[in-house]
Amino acid sequence: MSKKTDFKVIPQAALENIRKGASKPIAQMSIDEIPPVAISWGRTSVFPTGSWRNITPRYINQLPPCRSGCPVGNDIEGWLLASRQERWDDAVRLLLSEQPLPSVCGRVCYHPCETVCNRGEFDTAVNIGAIERNLGDRAARDDSYIDELLTGEKHSERIRIVGSGPAGLSAAWLLARLGYSVEVIERAPEPGGLLRYGIPAYRLPRDILKKEIRRLELMGVVFKCNTHIDPATGIQGLKEDFDAVFIAPGAAGHRKSGVFSDQKWVVQDAISFLTRVASEEPHQLGKNVVVVGGGNSALDAARTALRCGSEATIIYRRTRQEMPAFHDEIEAALEEGVKISYLVSPDMIRRNPNGRGRFLRCVRNVLGKPDESGRRRPEAVPGSDFEILIDNVIEAVGEYADSLQLTTNDEETSILKPLDKWGRTELKGVWVGGDFTSWDRTVAHAIGAGKRAAMSIANSLEGRDYDLDSSLLSRSNAVKVSRFVNNEKSSGYDRLNPVKFENLNIAYFSPAERNYKKELDPESRGVGFTEVTPDIGIKAVHNEAERCFHCGACDSCGNCHVYCPDGAVLRDAKTRDLSFDLDHCKGCGVCAEECPRSAIEMAK
Numbered sequence: 001m002s003k004k005t006d007f008k009v010i011p012q013a014a015l016e017n018i019r020k021g022a023s024k025p026i027a028q029m030s031i032d033e034i035p036p037v038a039i040s041w042g043r044t045s046v047f048p049t050g051s052w053r054n055i056t057p058r059y060i061n062q063l064p065p066c067r068s069g070c071p072v073g074n075d076i077e078g079w080l081l082a083s084r085q086e087r088w089d090d091a092v093r094l095l096l097s098e099q100p101l102p103s104v105c106g107r108v109c110y111h112p113c114e115t116v117c118n119r120g121e122f123d124t125a126v127n128i129g130a131i132e133r134n135l136g137d138r139a140a141r142d143d144s145y146i147d148e149l150l151t152g153e154k155h156s157e158r159i160r161i162v163g164s165g166p167a168g169l170s171a172a173w174l175l176a177r178l179g180y181s182v183e184v185i186e187r188a189p190e191p192g193g194l195l196r197y198g199i200p201a202y203r204l205p206r207d208i209l210k211k212e213i214r215r216l217e218l219m220g221v222v223f224k225c226n227t228h229i230d231p232a233t234g235i236q237g238l239k240e241d242f243d244a245v246f247i248a249p250g251a252a253g254h255r256k257s258g259v260f261s262d263q264k265w266v267v268q269d270a271i272s273f274l275t276r277v278a279s280e281e282p283h284q285l286g287k288n289v290v291v292v293g294g295g296n297s298a299l300d301a302a303r304t305a306l307r308c309g310s311e312a313t314i315i316y317r318r319t320r321q322e323m324p325a326f327h328d329e330i331e332a333a334l335e336e337g338v339k340i341s342y343l344v345s346p347d348m349i350r351r352n353p354n355g356r357g358r359f360l361r362c363v364r365n366v367l368g369k370p371d372e373s374g375r376r377r378p379e380a381v382p383g384s385d386f387e388i389l390i391d392n393v394i395e396a397v398g399e400y401a402d403s404l405q406l407t408t409n410d411e412e413t414s415i416l417k418p419l420d421k422w423g424r425t426e427l428k429g430v431w432v433g434g435d436f437t438s439w440d441r442t443v444a445h446a447i448g449a450g451k452r453a454a455m456s457i458a459n460s461l462e463g464r465d466y467d468l469d470s471s472l473l474s475r476s477n478a479v480k481v482s483r484f485v486n487n488e489k490s491s492g493y494d495r496l497n498p499v500k501f502e503n504l505n506i507a508y509f510s511p512a513e514r515n516y517k518k519e520l521d522p523e524s525r526g527v528g529f530t531e532v533t534p535d536i537g538i539k540a541v542h543n544e545a546e547r548c549f550h551c552g553a554c555d556s557c558g559n560c561h562v563y564c565p566d567g568a569v570l571r572d573a574k575t576r577d578l579s580f581d582l583d584h585c586k587g588c589g590v591c592a593e594e595c596p597r598s599a600i601e602m603a604k
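At position 597 of the sequence shown (counting the first as 1) the number is 597 in our numbering, and the numbers step up by one without a gap.
What follows is the structure, given as structure tokens:
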């Protein structure tokens with residue numbers, strides 16, 4: 001018998017882990033900290049350890065938070081995985097399967113997907129917007145992807161869409177994919193709606209938008225611009241010769257502050273101003289411009305006024321915390337030289353009696369109790385009046401849906417409202433959507449509304465029994481249209497509760513800096529309409545995609561295969577897919593515990 005001293009001494013750190021239990025995952029241990037294990041040099045396959053099992057592992061596909069938070073319903077995790085693996089064609093196809101306007105959204109969307117990205121709780125969220133933009137631009141350079149979008153079916157029904165903004169374009173895209181004849185009418189000279197006339201070119205270059213719309217034209221969508229609706233003929237007139245109508249003209253009505261009466265000679269609304277600039281019409285602002293409002297339109301108007309040679313000041317009646325504008329837009333405006341005065345309301349305009357020019361009298365506010373919006377109500381401070389020298393005032397206090405542009409029939413007006421999330425109305429064959437019906441006035445929400453309406457229209461015209469709700473992905477009412485196109489009956493996810501950060505095993509991830517390109521120098525970008533944010537480049541796209549956790553989705557990393565003590569995890573030699581050998585799995589749960597992405601569950 002060997003002497004005791006012949007055996008190798010167990011390192012003290014490993015001994016402590018045996019006695020007290022390990023204080024950290026084995027992946028983080030040094031060699032001296034890992035406890036010794038019994039090793040069998042024979043084959044364990046002769047032992048059917050599966051008979052011991054009372055719980056069974058299975059691979060599951062859970063909804064990642066990015067897709068749950070995307071109003072469009074983009075398969076973000078899918079095209080990030082393809083980008084990580086440099087399968088660029090697959091990445092583009094996955095993007096185009098759900099997103100009609102990827103280059104546009106990659107630039108102007110506020111990316112709620114990044115807000116809920118689990119990576120944000122680890123270091124910083126994945127730069128999803130930059131990747132979407134890069135893939136979208138790649139798609140715009142190659143028309144071969146278009147044929148793959150079309151189902152091959154052709155339908156005799158004709159569909160009219162009112163408005164060529166993001167909702168109208170989205171509905172047209174999906175209906176054209178499904179084989180319908182689609183006509184889009186637009187009162188402006190060019191299609192695009194808000195995208196063309198409301199979002200400045202420094203954020204969304206016109207050639208980018210034209211390429212996105214060209215894709216729809218190649219899919220068969222017909223655009224009729226400079227087409228004005230006669231409200232006297234009403235909705236019935238719109239339906240003439242068409243089997244369905246989708247109404248999405250945008251929120252065309254301009255709200256007024258109520259303090260300037262009819263002073264058109266010095267006051268204009270933000271959308272009209274932005275439209276004139278976008279249309280290259282003459283516009284004289286003068287040196288001193290004040291913008292009233294705190295939303296994104298106010299920021300766009302102020303930054304555009306700078307580019308027209310004016311000095312721009314925004315006055316907002318609440319604090320920055322209450323401003324509805326996106327944080328990044330506020331920061332960009334301040335960098336370029338826009339001034340913002342908070343807790344200030346306009347009162348009246350008076351002429352300068354001693355010479356040319358006018359003054360805007362303002363009052364300072366304090367915040368009182370919350371109003372119906374939940375925000376604290378601004379209250380004027382007595383005796384706080386002051387004046388600002390002005391040449392022009394731009395009002396940007398909000399827009400509203402104006403049904404009078406469509407019909408003067410009171411009965412039609414009263415029922416021209418959505419009955420549900422799918423945009424149906426009490427008017428037979430009529431759907432509504434986009435900014436015309438929703439307070440969630442973003443490009444992404446409008447695209448989502450267009451997709452839902454198109455699905456509902458097709459479901460109705462074809463007499464399908466498809467359960468539309470089965471395609472819903474989240475509380476934001478995002479839909480998975482690829483399931484609808486293929487007539488599949490479920491969302492494709494085992495769980496529709498988004499994967500939480502605490503469900504992940506972050507021991508397998510390392511901190512990595514976010515890949516992004518800063519906007520151009522503030523001084524140079526404030527003097528023209530050149531796009532202010534450059535593309536990050538293909539290498540950075542790949543590196544950024546590698547930062548994705550792929551929450552809730554098996555990416556065949558092999559962790560379960562490595563850690564299974566029974567060799568019960570099998571990998572297909574061709575597909576690289578993983579599966580469980582239940583004859584030998586004893587249900588220990590190590591695979592689920594060590595899965596980085598919460599893609600394995602243990603169940604009885």
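Yeah, the Cβ is synthetic: ideal placement off N, Cα and C, and Gly gets one too.
- [ ] Determine which residues share a DSSP beta bridge with Met219 and list them.
- [x] Position 219 of the sequence shown holds residue 219. DSSP lists no partner for Met219.
TODO: With DSSP collapsed to three states, give me the class of Lys369.
DONE: As a first step, residue 369 must be located in the sequence shown, where it is residue number 369. Strand, per DSSP.
Open item on the list: Excluding the 5 residues flanking Pro36 on each side, which residues of the same chain have their C-beta closer than 8 Å to its C-beta?
Closed with: Start at 1 with the first residue of the sequence shown, and residue 36 comes out as number 36. Closer than 8 Å at Cβ, skipping near neighbours: Ile10 and Ala14.
Open item on the list: Can you tell me whether Trp79 sits near the ligand FMN, meaning its C-beta is under 8 Å from at least one heavy atom of the ligand?
Closed with: What this structure holds is no ligand at all, so the ligand FMN is not there to describe.
- [ ] For Lys154, count neighbouring C-beta atoms within 10 Å of its own C-beta (all shown protein chains included) and say buried if the count is 16 or more, exposed if not.
- [x] Taking the sequence shown and counting its residues from 1, one reaches residue 154 at position 154. With fewer than 16 Cβ atoms within 10 Å of its Cβ, Lys154 is classed as exposed.
Open item on the list: Please classify Asp75 as buried or exposed, where buried requires at least 16 neighbouring CB atoms within 10 angstroms.
Closed with: What you label residue 75 is simply residue 75 of the sequence shown in a count that begins at 1. It is buried - the Cβ of Asp75 has at least 16 other Cβ atoms within 10 Å.
TODO: Just tell me which of Val443, Tyr563 and Asp147 has its CA closest to the CA of Gly220.
DONE: As a position in the sequence shown, residue 220 is number 220, starting the count at 1. Ranking the options by Cα distance to Gly220, first place goes to Asp147.
Task: Option nearest Asn296 by Cα separation, candidates Glu372, Ser373 and Glu399 - done: Position 296 of the sequence shown, counting from 1, holds the residue named residue 296. Residue Glu399 is the option with its Cα nearest to Asn296.
Open item on the list: So, for Arg214: in the same chain, excluding its five sequence neighbours on each side, which residues have a beta-carbon less than 7 Å away from its beta-carbon?
Closed with: What you label residue 214 is simply residue 214 of the sequence shown in a count that begins at 1. Closer than 7 Å at the Cβ level, and outside the excluded window around Arg214, lies no residue.
TODO: Compare the C-alpha of Leu218 against each of Lys256, Ala167, Ser144 and Lys417 and name the closest.
DONE: Taking the first residue of the sequence shown as 1, we reach residue 218 at position 218. For Leu218, the nearest C-alpha among the options comes from Ser144.
Open item on the list: If you reduce the DSSP assignment to three classes, tell me which class Asp123 lands in.
Closed with: Numbered from its first residue, the sequence shown carries residue 123 at position 123. Three-state DSSP puts Asp123 in coil, outside helix and strand.
TODO: Just tell me which of Ser156, Leu150 and Leu95 has its CA closest to the CA of Ala140.
DONE: As a first step, residue 140 must be located in the sequence shown, where it is residue number 140. Among Ser156, Leu150 and Leu95, the Cα nearest to that of Ala140 is on Leu95.
Open item on the list: Buried or exposed for Phe484, going by 16 or more other Cβ atoms inside 10 Å?
Closed with: Against the sequence shown, residue 484 aligns to sequence position 484. Answer is buried; the Cβ neighbour count reaches 16.
TODO: Buried or exposed for Asp269, please, with buried defined as at least 16 other CB atoms from any protein chain shown within 10 angstroms of its CB.
DONE: As a position in the sequence shown, residue 269 is number 269, starting the count at 1. Asp269 should be labelled buried.
Open item on the list: For a minimum of 4 consecutive residues, which ranges assigned as the alpha helix (DSSP H) are wholly contained in the stretch 372–441?
Closed with: 410–415
Task: Beta-bridge pairing of Val590 - partner residues as DSSP gives them - done: By one-based count along the sequence shown, residue 590 stands at place 590. Paired residues: none, contrary to the question.
TODO: Return helix, strand or coil for Met602, following the three-state DSSP convention.
DONE: As a first step, residue 602 must be located in the sequence shown, where it is residue number 602. In this structure, Met602 counts as strand in the three-state DSSP scheme.
- [ ] Please report the residue range of the alpha helix (DSSP H) in which Ile457 lies.
- [x] Start at 1 with the first residue of the sequence shown, and residue 457 comes out as number 457. From DSSP, the alpha helix (DSSP H) with Ile457 extends over Val443 to Leu461.
Open item on the list: Considering only the alpha carbon of each residue, which of Glu190, Val527, Ile247 and Lys256 lies closest to Cys225?
Closed with: Looking up residue 225 in the sequence shown gives position 225. Closest option to Cys225, Cα to Cα, is Glu190.
- [ ] Flag this pair as touching only if the stretch 540–552 and the stretch 121–134 have three or more C-beta atom pairs under 8 Å; answer yes or no.
- [x] yes
TODO: Might you give, ordered along the chain, the residues of its own chain that have their beta carbon closer than 6 Å to the beta carbon of Cys234, omitting 5 neighbours on each side?
DONE: Numbered from 1 along the sequence shown, position 234 holds the residue referred to as residue 234. The question names Cys, but residue 234 is Gly in the sequence shown. These residues qualify, in order along the chain: Thr407, Asn409 and Glu412.
TODO: Please determine, among Ser491, Glu33 and Arg276, the residue with the shortest C-alpha to C-alpha distance to Gly198.
DONE: For the purposes of this step, residue 198 is identified with residue 198 of the sequence shown, where counting begins at 1. That would be Arg276, whose Cα lies nearest to the Cα of Gly198.
Open item on the list: I'd like the list of long-range same chain contacts for Glu86, defined as Cβ closer than 7 Å, with 5 residues on each side in sequence excluded.
Closed with: Within the sequence shown, numbered from 1, the residue matching residue 86 stands at position 86. Closer than 7 Å at Cβ, skipping near neighbours: His542.
Task: Assigned secondary structure, His247 (DSSP; H/G/I helix, E/B strand, else coil) - done: Residue numbering aside, residue 247 sits at position 247 when the sequence shown is read from its first letter. Checking the sequence shown, residue 247 turns out to be Ile, not His. Three-state DSSP puts Ile247 in a strand.
Open item on the list: Extract the residue ranges of the alpha helix (DSSP H) inside the stretch 514–538, only unbroken runs of 4 or more that lie entirely within it.
Closed with: 522–525
Task: For Leu472: DSSP bridge partner residues - done: Numbered from 1 along the sequence shown, position 472 holds the residue referred to as residue 472. According to DSSP, which records beta bridges pairwise, Leu472 is partnered with Val479.
Open item on the list: Rounded to the nearest angstrom, what separates Ala248 and Lys451 at their Cα positions?
Closed with: Looking up residue 248 in the sequence shown gives position 248. Looking up residue 451 in the sequence shown gives position 451. Roughly 12 Å between the two C-alpha positions.
- [ ] Tell me where the beta strand (DSSP E) around Phe580 begins and ends.
- [x] Counted from its first residue, the sequence shown places residue 580 at position 580. Unbroken beta strand (DSSP E) run through Phe580: Leu578 to Phe580.
Open item on the list: Suppose you measure from the CA of Leu520 to the CA of Leu135; what does that come to, to the nearest Å?
Closed with: To locate residue 520, count along the sequence shown from 1; it is residue 520. To locate residue 135, count along the sequence shown from 1; it is residue 135. Their Cα atoms are separated by approximately 22 Å.
Open item on the list: Helix, strand or coil for Tyr59? Go by DSSP, reduced to three states.
Closed with: For the purposes of this step, residue 59 is taken as residue 59 along the sequence shown, with counting starting at 1. The answer is strand: DSSP assigns Tyr59 an E or B state.
Task: Chain-order list of residues whose beta-carbon lies under 6 Å from that of Gly528 (same chain, five-residue window excluded) - done: Along the sequence shown, one-based indexing puts residue 528 at 528. No residues qualify anywhere along the chain.
- [ ] Please report how far the alpha carbon of Asp243 lies from the alpha carbon of Trp431, in whole angstroms.
- [x] Residue numbering aside, residue 243 sits at position 243 when the sequence shown is read from its first letter. Residue numbering aside, residue 431 sits at position 431 when the sequence shown is read from its first letter. Near 11 Å, if we compare the C-alpha coordinates of Trp431 and Asp243.
TODO: Compute the beta-carbon to beta-carbon distance between Thr319 and Leu343, rounded to the nearest angstrom, for a pair I have assumed lies under 8 Å.
DONE: Here residue 319 refers to the residue found at position 319 when the sequence shown is read from its first residue. Here residue 343 refers to the residue found at position 343 when the sequence shown is read from its first residue. Contact flag correct, Cβ pair sits at about 6 Å.
Open item on the list: Contact between the stretch 548–567 and the stretch 57–73 is defined here as three or more beta-carbon pairs at a separation below 8 Å; is this criterion met?
Closed with: yes
Task: Neighbourhood of His561 by C-beta distance below 7 Å, restricted to the same chain and skipping five residues each side - done: The sequence position of residue 561 within the sequence shown is 561, counting from 1. Excluding positions up to five away in sequence, the list reads Val569, Arg571 and Leu578.
Task: Exposed unless 16 or more other CB atoms sit within 10 angstroms - verdict on Asp6 - done: Here residue 6 is taken as the residue at index 6 of the sequence shown, counted from 1. With a pLDDT of 48 at Asp6, under the threshold of 50, the modelled position of that residue is not reliable, and the figure given next carries that caveat. By the 10 Å Cβ count, Asp6 comes out exposed.
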